[in-house]
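Undergrad: Here the protein sequences come in this chain order: A and B.
Note that our numbering has the first sequence beginning at 1381, numbered continuously upward.
Note that our numbering has the second sequence beginning at 88, numbered continuously upward.
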Amino acid sequence: MRPVFLPKNLGEVWEAWEQAPMASVYAGGTDLLVKLRAGLANPPALICMERLKELKGVRDEGETVFVGAGSTHTELLADPMIQAHFPVLVQALQVLAGPPIRNMGTIGGNVVNASPAGDTLPPLYILDAEVEIWSRVGSHTVPIIQFILGPGRVLLQPGDLMGGLRIKKRSGRWVHHYEKVGLRKAQACAVASLAAILKTDANGVVEEARLAWGSVGPTVAVCPEAEEALKGRPLCVETLRDALPVVQAAISPIDDIRATASYRRHVARGLLLRLSLLGGQ
Amino acid sequence: MIIRFALNGEEKEIEAAPDRRVVDLLREDLGLTGTKEACGTGECGACTILVDGAARLSCLMLAIQLDRRSITTIEGVGSMEALHPVQEAFVEKGAVQCGFCTPGMVLASMDLLREHPAPTREEIRKGLAGNLCRCTGYQKIVDALEAAASHLAEKRGKP
């Protein structure tokens, strides 16, 4: 039997960690409990964060929004603040797994699991989300691009807990877009995905663009060169086509059970060209 | 450890290992075999239960997480004499083939109808997207949900 702690507040988390310093943390259990059952993890104890009130909810901080790591995907989908400011995140959450998993899984879990296919990650990258890390001695924040180190690896030291995400609200006219290609519409990991936010002027000319691809590298793939290449040009197929070479250089997909690397390159290309469909918006 | 929770409307106090999977606790310790296990990894929805009314997967929950929650399994839905309107609609529309996915489908349907009392066919498909039927009888399941929604609306309409 493995001890399981169910802390209700942060004080109880630190106590649990004192008793079981090597304990693994989970909230929804949709990743860790699968690994445990498959024998891919064997921690001496577990700490379940589902009742930790400090990790729950979305807070308006004025210029920024704080999203508690323990907020479930279903809670975030229904949150007026998330809907108003981060439609690209909403679009990703809508295609993340299926309803029961969305009722259980949390955004903190999706980030800390650091899967290359994690649906919330490309949106969080382009929104410049910062990860707030809590420990017994205090808290600090790290940009998500620095927080995620590789597949399943993040910048958490023993005794660190991901408290939440801080995301800046954006001003101006941004089009939000998330598209995922999977082997089925629900309950499927992305073969490739693209999150994009684009700021255009009244004539449809791109003023600013942020792009991030999922499932085409060990972590989310970003391409500042492509973002630069779209600037000052109309959002059309020709513009996007010109950005393809730098995108192909920025991604490094692999073959796995879902798709081959070369298919993923085709999909990553198609996802970019399809941004032209947003040109009229 | 002692775990206290409400199971199908009845207060329970049971002794269980905190890391026992809820699906095992229900099926093996409590004999409630209506909850099915197929994939054991959160892909199929066969083990769906309602936790405080929301669909969750009992294969990815540990016993300690039941503490002070209200749980509904298929055994707590309707009775032999009076089926729940969702169950009635499944029978009426022939939405059952082998039946293995049915308990999970019925519970996921109840959660869906709680959130969307009058769902479109598209909303039904999205709402049941976490539950797989390998007999591929989805059309009739969607038909059943449409029927159940209108039966429930009729019931609500009555004084």
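Glycine included, every Cβ here is placed at the ideal spot set by N, Cα and C.
Computed from a predicted structure; not experimentally measured.
1. Over what stretch of residues does the beta strand (DSSP E) that includes B/His203 continue unbroken?
2. Among residues of its own chain, excluding the 5 on either side of A/Asp1622, which ones have a beta-carbon nearer than 7 angstroms to its beta-carbon?
3. Could you tell me whether any Cβ in chain A is nearer than 8 angstroms to the Cβ of B/Glu233?
4. At 8 angstroms on the CB atoms, spell out the chain A contacts of B/Arg243, in chain order.
5. Do B/Glu162 and B/Asn248 count as a contact pair if the criterion is CB distance below 8 angstroms?
6. When the Cα atoms are used, what is the spatial distance from A/Leu1476 to B/Asp116?
7. Which residue's Cα is closest to the Cα of A/Gly1543: A/Glu1443, A/Lys1560 and A/Gly1518?
8. Looking only at its own chain, which residues have a Cβ that is under 6 angstroms from the Cβ of B/Leu199, when we skip the five neighbours before and after it?
9. For a test of the three-state rule: what should DSSP assign to B/Ile101, helix, strand or coil?
10. Report back the beta-carbon spacing between A/Thr1454 and A/Arg1482 to the nearest angstrom; my notes put them in contact at under 8 angstroms.
11. So A/Met1542 is in the beta strand (DSSP E); what residue range does that whole segment cover?
12. Check the Cβ-Cβ distances between A/Ile1481 and every residue of chain B, and say whether any is below 8 angstroms.
13. In whole angstroms, what is the alpha-carbon distance linking A/Ser1451 and A/Ile1513?
14. Which runs of the beta strand (DSSP E) at least 3 residues long sit entirely within the region 1500–1532 of chain A? Give them in chain order.
15. Below 7 angstroms, is the gap between the Cβ of A/Met1542 and the nearest heavy atom of the ligand HEM?
16. Please identify the residue among A/Ile1462, A/Leu1529, A/Lys1565 and A/Leu1501 whose C-alpha is closest to the C-alpha of A/Ala1576.
17. Please name the residue or residues paired with A/Ser1573 in a DSSP beta bridge.
18. Is B/Gln152 buried or exposed, if buried means 16 or more other CB atoms sit within 10 Å of its CB?
19. Looking only at its chain, what residues have a beta carbon closer than 7 angstroms to the beta carbon of A/Met1461, apart from the 5 residues adjacent to it on each side?
20. For the beta strand (DSSP E) that A/Gly1448 lies in, which residues bound it at each end?
21. Which residues in the same chain have their Cβ closer than 8 angstroms to the Cβ of A/Thr1521, if we skip the five residues on either side of it in sequence?
22. Looking at the secondary structure, which residues open and close the alpha helix (DSSP H) in which A/Val1600 lies?
23. If the cut is a Cβ gap below 8 angstroms, which residues of chain B does A/Val1414 touch?
TA: Looking at the atomic coordinates:
1. Segment: none, B/His203 is in no beta strand (DSSP E) and carries neither H nor E.
2. Ala1609
3. no
4. Under the 8 angstroms cutoff, chain A gives no residues; its nearest Cβ is about 23 angstroms from B/Arg243.
5. Past the boundaries of the shown model lies residue 248 of chain B; chain B is included only from 88 to 246, so the question cannot be answered.
6. 33 angstroms
7. A/Gly1518
8. Gly214
9. strand
10. 5 angstroms
11. Leu1541 to Lys1548
12. yes
13. 15 angstroms
14. 1510–1515, 1518–1523 and 1528–1530
15. Summarising the ligand content, the structure contains no ligands, and the ligand HEM is consequently not present.
16. A/Leu1501
17. A/Lys1560 and A/Gly1594
18. buried
19. Val1438, Asp1440 and Val1445
20. Thr1444 to Gly1448
21. Glu1510, Val1511, Glu1512, Ile1513 and Arg1546
22. Element bounds for A/Val1600: n/a, residue is neither H nor E.
23. Thr128, Gly129 and Leu147
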